[in-house]
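Chains as they are written, first to last, in my numbering: chain A, 35 to 303; chain B, 86 to 338. Please read the structure below before turning to the comments.
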């Protein structure tokens, strides 16, 4: 295993994976508790179409992913939906548009062909040092914001009406929550792929909430599980010669029934 | 404990959304130490009045005067809170301090002490480490009242605090709120769609029914003729064991 991490691409993959896992693992707790799991999916697909558009235009993929995801996150946080439709219908619309848009942009643009597979499925092993640094920077900012303002985010998610009555700008904090989610997702998607980014924002939080006894523990356990799964995915994919992203998603998915089982066992003891 | 200085007063106020009035010509006030019951059926505009009291809805017409800016402790409808979040009773009570802290602020030892005292004041100090979602409806309601008290409010505003409760829980919650008003002098506004909830607790009342608005001292508004006319049903007001009770409908032959 020591040999494995002497390879530069493995070290970079580990650094990128750990930072993506930390930021998305923490944000996932809000995403799951706020019952907006598919916002994570819609944002990761927006990041993908943003990157595809940027590549087609000859711009850096990360810039396109970040710009479109931030715009989408702000729109989802601020836009109301018609009274006849549930709120998640807008999320579904966004997902459908983003998914179809990615394929169409890649089909039309020949410049994007070379990067198409990486864009759609991600390849954390292909990450470069500047890309890893950019991801680490964005993830660090997101984590810092959430460490500093955790109380506000929790109150606004738990009981927005009372928060508003206490004079707290609920709309601004929800916007901040969605924008940080958008930034963390956009930073991760180009390196990990939409599927792994979505898995990181939902599955560790689900497992942590099943395992934990309180909110504080969920905010610690979710990123720890995410980091552990990412590192285990890297090691196993190296040893078994399997694709890293899907293997990591499989490990993350396995955490959920294991956590449910552990909770059942704990209750029966 | 009644004082005559109005804490909050509505003067010929129209309230609504998107420029469309829901309520017109609303005039009432609440003085320090009073207990105002706002009673009306669903859709009568109770929530709109409550949102105006909280400053979340601006009047379309008329004015709402406040004595300085009173600190309001707000208890929302329990059903509006998504209990999926694994927060303890103490963490919920501590949220009551949020309005007193800046966005960067951390709760001090005093904040934690105030939250614990609030839990003790409503009789649930022993539940502080239990998850809010694991508590009974009555216990959850007490924790939400504790959170409002943790704000050290001058005015306690409660939205349908007894909805979905059994008779014993409803009685104990109303008694708790009544004691906070009578013994601590806390000004209370309680919104409910069930008149008997405030019948023996409120000192003043605002009744919304069939497009009509009646307000004033409880004793003045609670007259059989007034209530019968308002509800368009025969209403009898009885005293049983020193407490008021209502009998609705014509007596059986």
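Every residue gets a Cβ at the ideal spot worked out from N, C-alpha and C, and that includes glycine.
Looking at the secondary structure, which residues open and close the beta strand (DSSP E) in which residue i lies?
| i | result |
| --- | --- |
| residue 198 of chain B | Run containing residue 198 of chain B: none in the beta strand (DSSP E); it sits in the alpha helix (DSSP H), 194 to 206. |
| residue 239 of chain B | From DSSP, residue 239 of chain B is part of no beta strand (DSSP E); its letter is neither H nor E. |
| residue 147 of chain B | 146 to 151 |
| residue 105 of chain B | 105 to 116 |
| residue 324 of chain B | 320 to 325 |
| residue 95 of chain B | 91 to 102 |
| residue 226 of chain A | Premise fails: residue 226 of chain A lies in the alpha helix (DSSP H), 204 to 226, not in any beta strand (DSSP E). |
| residue 307 of chain B | First-last for residue 307 of chain B: undefined, no H or E at that position. |
| residue 158 of chain B | 157 to 160 |
| residue 120 of chain B | 120 to 124 |
Drop a sphere of 10 angstroms on the beta-carbon of residue i, count the other beta-carbons inside from all chains shown, and report buried for 16 or more, exposed for fewer.
| i | result |
| --- | --- |
| residue 87 of chain B | Confidence at residue 87 of chain B is low in this model, with a pLDDT of 49, below 50, so the placement of that residue is unreliable and no value is reported for it. |
| residue 103 of chain B | exposed |
| residue 139 of chain A | buried |
| residue 127 of chain B | exposed |
| residue 131 of chain B | buried |
| residue 43 of chain A | exposed |
| residue 144 of chain A | exposed |
| residue 119 of chain B | buried |
| residue 224 of chain A | buried |
| residue 161 of chain B | buried |
| residue 180 of chain A | buried |
| residue 243 of chain A | buried |
| residue 38 of chain A | exposed |
| residue 227 of chain B | buried |
| residue 207 of chain A | buried |
| residue 50 of chain A | buried |
| residue 236 of chain A | buried |
Taking Cβ to Cβ, would you say residue i is nearer than 7 Å to residue j?
| i | j | result |
| --- | --- | --- |
| residue 189 of chain A | residue 47 of chain A | no |
| residue 213 of chain B | residue 204 of chain B | yes |
| residue 230 of chain A | residue 53 of chain A | no |
| residue 188 of chain B | residue 301 of chain A | no |
| residue 299 of chain A | residue 260 of chain A | no |
| residue 153 of chain B | residue 200 of chain A | no |
| residue 257 of chain A | residue 98 of chain A | no |
| residue 121 of chain B | residue 298 of chain B | no |
| residue 191 of chain A | residue 132 of chain A | no |
| residue 74 of chain A | residue 253 of chain A | no |
| residue 145 of chain B | residue 101 of chain B | yes |
| residue 290 of chain A | residue 241 of chain A | yes |
| residue 151 of chain B | residue 272 of chain B | no |
Looking at chain E, is there any beta carbon in it that lies within less than 7 Å of the beta carbon of residue i?
| i | result |
| --- | --- |
| residue 137 of chain B | Within the model displayed, chain E is absent; protein chains A and B are what it includes. |
For the alpha helix (DSSP H) holding residue i, just list the boundary residues, first then last.
| i | result |
| --- | --- |
| residue 330 of chain B | Segment 328 to 333 is the beta strand (DSSP E) holding residue 330 of chain B; no alpha helix (DSSP H) there. |
| residue 248 of chain A | No alpha helix (DSSP H) contains residue 248 of chain A, which DSSP labels as neither H nor E. |
| residue 143 of chain B | Segment: none, residue 143 of chain B is in no alpha helix (DSSP H) and carries neither H nor E. |
Worksheet item: What residues from the stretch 172 to 184 of chain B come within 9 Å of chain A, judged by C-beta to C-beta, listed N to C?
Response: For the stretch 172 to 184 of chain B, the residues whose beta carbon sits under 9 Å from a beta carbon of chain A are, in order, 172, 173, 176, 177, 179, 180, 181, 183 and 184.
Worksheet item: Taking a cut of 8 Å between CB atoms, which residues from the stretch 196 to 207 of chain A lie near chain B?
Response: Look at the stretch 196 to 207 of chain A: the residues with a C-beta under 8 Å from a C-beta of chain B are 196, 197, 198, 199, 200, 201 and 202.
Item to complete: Please list the segments of the beta strand (DSSP E) lying wholly inside the stretch 255 to 305 of chain B, counting only runs of 3 or more residues, in order along the chain.
Response: Counting only runs of at least 3 residues, the stretch 255 to 305 of chain B fully encloses the following beta strand (DSSP E) elements, listed from N- to C-terminal order: 272 to 277, 289 to 294 and 297 to 302.
Worksheet item: Given a limit of 7 Å on CB to CB distance, which residues of the stretch 141 to 164 of chain B reach chain A?
Response: Against chain A - using a Cβ distance shorter than 7 Å - the residues of the stretch 141 to 164 of chain B are 141, 157, 159 and 161.
Practice prompt. Identify each residue in the stretch 161 to 193 of chain A for which the Cβ-Cβ distance to at least one residue of chain B is less than 8 Å, and report them in chain order.
Written response: Within the stretch 161 to 193 of chain A, the qualifying residues are 182, 183, 185, 186, 188, 189, 191, 192 and 193.
Worksheet entry | Where the stretch 241 to 255 of chain A meets chain B: residues whose CB sits under 9 Å from a CB there | Look at the stretch 241 to 255 of chain A: the residues with a C-beta under 9 Å from a C-beta of chain B are 243, 246, 247, 248, 249, 250, 251 and 252.
Item to complete: For the stretch 66 to 121 of chain A, list the alpha helix (DSSP H) runs that are entirely contained and at least 4 residues long, ordered along the chain.
Response: Whole alpha helix (DSSP H) segments, 4+ residues: 71 to 91 and 95 to 112.
Worksheet entry | Members of the stretch 52 to 77 of chain A near chain B, C-beta cut-off 9 Å | Under the 9 Å Cβ criterion, the stretch 52 to 77 of chain A contributes 66, 67, 68 and 69.
Worksheet item: Taking only runs of the alpha helix (DSSP H) that begin and end inside the stretch 131 to 186 of chain A, which ones reach a length of at least 4 residues, in chain order?
Response: For the alpha helix (DSSP H) assignment, the uninterrupted runs of no fewer than 4 residues enclosed by the stretch 131 to 186 of chain A are, from N- to C-terminal side, 147 to 155 and 163 to 182.
Worksheet item: If you measure beta-carbon to beta-carbon, which residues of the stretch 185 to 199 of chain B are closer than 9 Å to chain A?
Response: Only those residues of the stretch 185 to 199 of chain B whose C-beta falls short of 9 Å from the nearest C-beta of chain A are listed: 185, 186, 188, 189, 190, 191 and 192.
Fill in: Near-chain A residues of the stretch 253 to 281 of chain B - C-beta to any C-beta below 9 Å
Listed in sequence order: no entries.
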